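Residues 303 to 617 (the numbering used here) make up the sequence shown, in order. Ideal Cβ positions, reconstructed from N, Cα and C, are used throughout, including at glycine. Nothing here was measured: the structure is a model prediction, and the numbers come from that model.
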Amino acid sequence: MRPAKPLPPSLRTWAEHAVGPLSAVRDASHPRENSRVWDLTDTRGRHFFVKQSPTPAFYERETFGYQSAVPALGFGRAPRLVDTDAHRLALLLTAVPGAPVSRLTLTVPEHRAAHRQFGTLLRRLHGTEKMPAQGRRAAEAAVEHTAAAAEKHLARAGDRLSEDRRTLVRRAADHLLRLTDLLAPGHIHGDAQERNALWSGPQSRPGPGAGTGSPPRSGSGRLAMIDFERSRYAPVVQDFVRLACGPWQDRDDLRTAFFQGYGRPLTDAERHALPCLAALDAASCLTYGPAHGEHDVTERGLRTLDRLEKGIFSR
């Protein structure tokens, strides 16, 4: 077990200036070394989170996400930004009810409902109808950046990738570039997966370490989204990759429920782009996972490549 990360006194003073005296502070960071998140309780019993971004880029993206896109999700569907401190790369956020879907034992109907609401929220976030010109240009650049990163990941992956799999990744990058002009742009979450989707409801049963939100409340199941540090303009199909490479692999019903909530199916271009993006994500996983000791990330990459090679990756 890693030691708890104490909340720096300067951050506590800053947070108390915004919300008043605190009665409790709990380290809520992920196991990663650069993760710094604290769960705060004030003297009135209200919960907040302080998040210290690992880099200025993550801070700018998350701040932009909360200020520009998250309000479109609706009340209680994402944390509200209370204050920011650019010098400390810190964000002060309200808490939202629920626990990560990835750490809950949900019934089949609950799990489908969670993915249906996930689709609804992402469609609101993507907001393609109001896409500014600079957003469209940024989305096109995001495709080029993703494809260009393939060679870097291949070099760092070393012998974890066979020559056949290297060829698969390179072909995916080339094909993705040819689809650039055909992909719908939007303001994406950037890390849309079950661990960043909090589910609250009377039947929610948390698994170990599920407490990253406030306790589930009674009433019908409800989904909220957290962690917007990778929020940016990009093709909206990029927000489907983590789900397609994760829970959808063995659950077509979850995929169906998601797109019911999203309100439209994949376009032809998105159907071709999704496996390309999955291949590039897999190469990234085989670089990041071993380097940071995150075996689940490594396994996701290997599993995705295996399915792509066998031609069974879901479209």
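Counting every other CB atom within 10 Å of its CB across the protein chains shown gives residue 496 a total of 16 or more, marking it as buried.
Considering only 484, 535, 406, the residue with the shortest C-alpha distance to residue 568 is 484. Put simply, the backbone Cα of residue 566 is about 41 Å away from that of residue 390. Taking a contact to require three or more Cβ pairs closer than 8 Å, the stretch 343-350 and the stretch 367-376 do not qualify as touching.
Listed in chain order, the non-local C-beta contacts of residue 556 below 7 Å within the same chain comprise 413, 414, 417, 549, 550, local neighbours out to five positions each way being set aside.
Counted as a single uninterrupted DSSP element, the stretch harbouring residue 615 is not any beta strand (DSSP E), since DSSP gives it neither H nor E. Around the beta carbon of residue 541, 16 or more other beta carbons lie within 10 angstroms, which makes this residue buried. As computed with DSSP, residue 490 is found in a beta bridge with 534.
The stretch 303-347 is shown to contain whole beta strand (DSSP E) runs of 3 or more residues at 324-329, 339-344, in chain order. In the same chain as residue 452, and ignoring 5 residues on each side of it, the C-beta atoms closer than 7 Å to its own belong to 471, 472, 475, 582, 585, in chain order.
Residue environment analysis places residue 523 among the buried positions, since at least 16 neighbouring C-beta atoms fall within 10 angstroms of its C-beta. DSSP, reduced to helix, strand and coil, places residue 349 within a strand of the structure shown. The alpha-carbon of residue 358 is positioned some 15 Å away from that of residue 529.
Taking C-alpha positions only, residue 463 is separated from residue 456 by approximately 8 Å. Contact annotation: the stretch 323-339 touches the stretch 307-314, with at least three C-beta pairs closer than 8 Å. Annotation: the continuous alpha helix (DSSP H) that includes residue 466 extends over 465-480.
Checking the DSSP bridge columns, you'll see residue 524 partnered with 502. Counting the other Cβ atoms within 10 Å of the Cβ of residue 365 gives 16 or more, which makes it buried. Taking 8 Å as the cut-off, the Cβ atoms of residue 580 and residue 604 do not count as close.
Nearest in C-alpha terms to residue 421, of all of 491, 448, 547, is 491.
With fewer than 16 other CB atoms across the displayed protein chains lying within 10 angstroms of its CB, residue 304 is exposed. Between residue 571 and residue 481 a beta carbon distance of about 5 Å is seen, short of the 8 Å cut, so the two are scored as contacting. Separation of the CB atoms of residue 423 and residue 371 is rounded to 11 Å, and the pair is thereby denied contact status at 8 Å. When C-alpha distances from residue 329 are compared across 308, 319, 336, the shortest belongs to 308.
Of the candidates 444, 354, 402, 354 places its Cα closest to the Cα of residue 336. Sequence-distant partners of residue 590 (beyond 5 residues in either direction) whose C-beta falls short of 8 Å from its own C-beta, in its chain, are 596, 599.
With 16 or more other CB atoms across the displayed protein chains lying within 10 angstroms of its CB, residue 606 is buried.
Contact between residue 560 and residue 576 is ruled out by a C-beta separation of about 13 Å, above the 8 Å threshold. The residue from 539, 553, 489 with its alpha-carbon nearest to that of residue 435 is 489. Straight-line measurement puts the Cα of residue 602 at about 7 Å from the Cα of residue 547.
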